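Shown next, in structure tokens, is the structure this report addresses.
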Amino acid sequence: MIDIDFDKPYIEKEVVLAITTQEITEQYCCLSENEKNNLFFVLLSTFYQYKDEENSKEVAAYLSYLLSYYLFVVLTPPGSEILARYYAQKAFELNPLFEYSKWYEFICQGN
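Under the numbering used here, think of the first position of the sequence shown as 1, with each following residue one higher.
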């Protein structure tokens with residue numbers, strides 16, 4: 001379970017890399033509407049915490065992938081496809097894994 005802590009609005013690196021898309025989906029189902037949005041912002045603030053940090057590109061890329069997934073599959077706000085595409089592309093830029101390029105292609109098919 002991802003903690004939503006206003007005193008520490010980011011996730012430790014080791015925890016980030018252990019988060020799965022399935023875990024995010026399951027947690028979403030148990031949250032109030034407000035907590036669902038807060039989860040997005042915890043992921044987002046964590047991405048910004050690590051994106052420019054030395055030796056944290058892999059973590060930032062994975063967070064970008066998780067943000068893309070959360071936007072495209074789980075939260076689906078207005079503009080989710082545009083936002084998810086941006087974070088999927090950012091994930092690939094930070095860490096050019098095959099998994100991230102396939103995810104980007106999937107998003108480009110639309111929701």
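We put the CB at the ideal spot given by N, CA and C, even for glycine.
Fair warning: this is a prediction, and the values are worked out from it, not measured in the lab.
Buried is the label assigned to Lys90, since at least 16 other Cβ atoms lie within 10 Å of its Cβ. Pairing Ala60 with Phe72 gives a Cβ-Cβ distance that is not under 7 Å. Between Thr21 and Tyr69, the C-beta gap is smaller than 7 Å, which places the two residues in contact. The alpha helix (DSSP H) runs lying completely inside the region 26-63 and spanning 4 residues or more are 33-50, given in chain order. Comparing alpha-carbon positions, the option among Pro78, Ile11, Tyr28 and Phe40 lying closest to Gln49 turns out to be Ile11.
When rounded, the separation of the alpha-carbon atoms in Cys29 and Lys8 is 23 Å. The DSSP-derived three-state label of Phe106 is helix.
Taking the Cα of Glu35 as reference, the smallest distance to any Cα among Phe47, Tyr62, Leu75 and Ser80 is reached at Leu75.
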